[in-house]
Amino acid sequence: MRLQNKIAIITGAGSGIGQGIALAFVKEGAKVVVADWSEEGGKETVDQIRKIKGEAVFIKTDVSKAKDVDEMAKICLDKFGRIDILVNNAGIYRAYNLHEMSEENWDEVINVNLKSVFLGSKRVIPEMLKQSKGKIVNVASIAGLVGFAQSGAYCASKGGMIALTREMVLEYAPQKININCIAPGVIKTAMTKDMLADPATKQFLESSTPYPRLGEPEDIAQAAVYLASDESDFVNGEVLVVDGGWVAK
Ligand SMILES: NC(=O)c1ccc[n+]([C@@H]2O[C@H](COP(=O)([O-])OP(=O)(O)OC[C@H]3O[C@@H](n4cnc5c(N)ncnc54)[C@H](O)[C@@H]3O)[C@@H](O)[C@H]2O)c1
């Protein structure tokens, strides 16, 4: 197994991509902390993990709040004694034309998607430094690489994640902490449910994806397993694009 006895915190694991990552990690031998602000989603993921005889704990966490993130790490350390892997996955999307977006909406997206990466990494890196080993996987988006209309704060947050990932590599690769990004294309989750329910938008998203289907959470989960495993030790600051070819066009 590729993550045997590793302890992983996965934020936003109560739904979609994060839930897929949590299940894939458990199947590879990891014990996981499901960190999400949704109690319902988080508990559902833990139930699914227990059904396959895996070990998991749910911690109600708002990733944009330092107090919650500190508590998340503390509970993980109390229960499992270590933190080997952090997946910064929790995220939100808000569609607005830039001139119509409120300051509150801008702050909300930047805080949940980008500030959370700062807070989570700041909290777990000292633990990883003690072990001279660690893996941080940041779930960004192809929206951090190419523009998407009505997505100003979202694109800025995901581009910021990619830039922050590369910055952290310079500080922590020497201590054998691997930090990488995944940039998913369109993945079928709660986040894209409404977009895909609109036939014109669905047609646009499908026709923009050269591969003949849209993505599933498992597509991203397999990339996350690789970046969290020892197989990727020499991969640092990479943006692994998993998008069915969207940005290859
Ligand atoms: N679905 C896509 O097409 C797609 C594409 C590119 C990138 N992404 C990114 O993948 C990540 C996961 O998205 P998804 O599609 O699985 O969405 P999702 O809505 O299914 O899941 C997001 C999860 O994050 C949690 N969450 C949101 N805000 C939080 C907060 N402040 N604190 C803690 N938990 C919070 C939600 O409760 C939910 O469980 C996001 O960062 C998203 O931007 C998704």
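Those letters in the sequence shown? Residues 1286 to 1534, per the working numbering, in order. C-beta: ideal position from N, C-alpha, C; glycine also. None of these values were measured; they are calculated from a predicted model.
Buried/exposed call for Ala1434, threshold 16 Cβ in 10 Å | Translated into the one-based positions of the sequence shown, residue 1434 becomes position 149. By the 10 Å Cβ count, Ala1434 comes out exposed.
Is it the case that the CB of Ala1375 approaches a heavy atom of ligand 1 more closely than 7 Å?
-> Indexing the sequence shown from 1 puts residue 1375 at position 90. With a cut-off of 7 Å, the C-beta of Ala1375 is classified as near ligand 1, since at least one heavy atom of the ligand falls inside that distance.
In terms of residues, what are the limits of the alpha helix (DSSP H) holding Asn1390?
-> For the purposes of this step, residue 1390 is identified with residue 105 of the sequence shown, where counting begins at 1. Segment 1388 to 1395, the alpha helix (DSSP H) holding Asn1390.
Are the stretch 1300 to 1310 and the stretch 1493 to 1508 touching by the rule of at least three beta carbon pairs closer than 8 Å?
-> yes
Buried or exposed: Lys1291, going by 16 or more other Cβ atoms within 10 Å of its Cβ?
-> As a working mapping, residue 1291 is identified with position 6 in the sequence shown. Answer is buried; the Cβ neighbour count reaches 16.
Could you tell me which residues DSSP puts in a beta bridge with Asp1228?
-> The chain is shown only over 1286 to 1534; residue 1228 falls outside these bounds and no answer can be derived.
How about Gly1530 and Pro1497: are their beta carbons less than 8 Å apart?
-> Against the sequence shown, residue 1530 aligns to sequence position 245. Against the sequence shown, residue 1497 aligns to sequence position 212. Against a cut-off of 8 Å, the Cβ pair of Pro1497 and Gly1530 comes out as no contact.
Any idea what DSSP makes of Asn1521, helix, strand or coil?
-> On the sequence shown, residue 1521 is found 236 positions in, with the first residue counted as 1. In this structure, Asn1521 counts as coil in the three-state DSSP scheme.
Step through the CB atoms of chain B and report whether any lies within less than 8 Å of the CB of Met1476.
-> Considering every chain present, this structure includes no chain B. It has just one protein chain.
Taking the alpha-carbon positions, what's the Met1286 to His1384 distance?
-> The sequence position of residue 1286 within the sequence shown is 1, counting from 1. The sequence position of residue 1384 within the sequence shown is 99, counting from 1. Approximately 50 Å, taken between the alpha carbons.
Per DSSP, Val1527 is paired with what?
-> Working through the sequence shown from its first residue, we reach residue 1527 at position 242. Per DSSP, Pro1469.
Which residue comes first and which comes last in the beta strand (DSSP E) that contains Thr1296?
-> Your numbering for residue 1296 matches position 11 in the sequence shown. Looking at the DSSP string, the run of the beta strand (DSSP E) that includes Thr1296 is 1292 to 1296.
If you check the beta carbons only, do Ala1508 and Val1527 fall under 8 Å apart?
-> Sequence index remark: in the sequence shown, residue 1508 carries index 223 (1-based). Sequence index remark: in the sequence shown, residue 1527 carries index 242 (1-based). Yes. Within cutoff.
Nearest residue (CA-CA) to Val1342, options Leu1490, Glu1329, Asp1353 = Here residue 1342 is taken as the residue at index 57 of the sequence shown, counted from 1. Looking at Leu1490, Glu1329, Asp1353, the one whose alpha-carbon comes closest to that of Val1342 is Glu1329.
Drop a sphere of 10 angstroms on the beta-carbon of Asn1423, count the other beta-carbons inside from all chains shown, and report buried for 16 or more, exposed for fewer.
-> Here residue 1423 refers to the residue found at position 138 of the sequence shown. Result: buried.
Verify the contact flag: Tyr1378, CB atom, against every heavy atom of ligand 1, threshold strictly below 7 Å.
-> As a working mapping, residue 1378 is identified with position 93 in the sequence shown. True, at least one ligand heavy atom lies under 7 Å from that Cβ.
Cβ of Ile1472 within 7 Å of any heavy atom in ligand 1?
-> As a working mapping, residue 1472 is identified with position 187 in the sequence shown. At least one heavy atom of ligand 1 lies closer than 7 Å to the C-beta of Ile1472.
Simplified DSSP state of Gly1376, which is helix, strand or coil = Stepping through the sequence shown from its first residue, residue 1376 is reached at position 91. In this structure, Gly1376 counts as coil in the three-state DSSP scheme.
Report the residue from Lys1478, Val1318, Ala1506, Glu1523 whose alpha carbon sits nearest the alpha carbon of Ala1448.
-> Translated into positions along the sequence shown, residue 1448 becomes position 163. When each option's Cα is compared against that of Ala1448, the closest is Glu1523.
Pick out whichever of Pro1484, Glu1491, Gln1488, Glu1412 has its Cα sitting closest to the Cα of Gly1366.
-> Residue 1366 sits at position 81 when you count from the first residue of the sequence shown. The residue among Pro1484, Glu1491, Gln1488, Glu1412 with its C-alpha nearest the C-alpha of Gly1366 is Glu1412.
Would you tell me roughly how many angstroms separate the C-alpha atoms of Ile1421 and Ser1436, rounded to the nearest one?
-> Stepping through the sequence shown from its first residue, residue 1421 is reached at position 136. Stepping through the sequence shown from its first residue, residue 1436 is reached at position 151. Straight-line Cα distance between these residues: approximately 25 Å.
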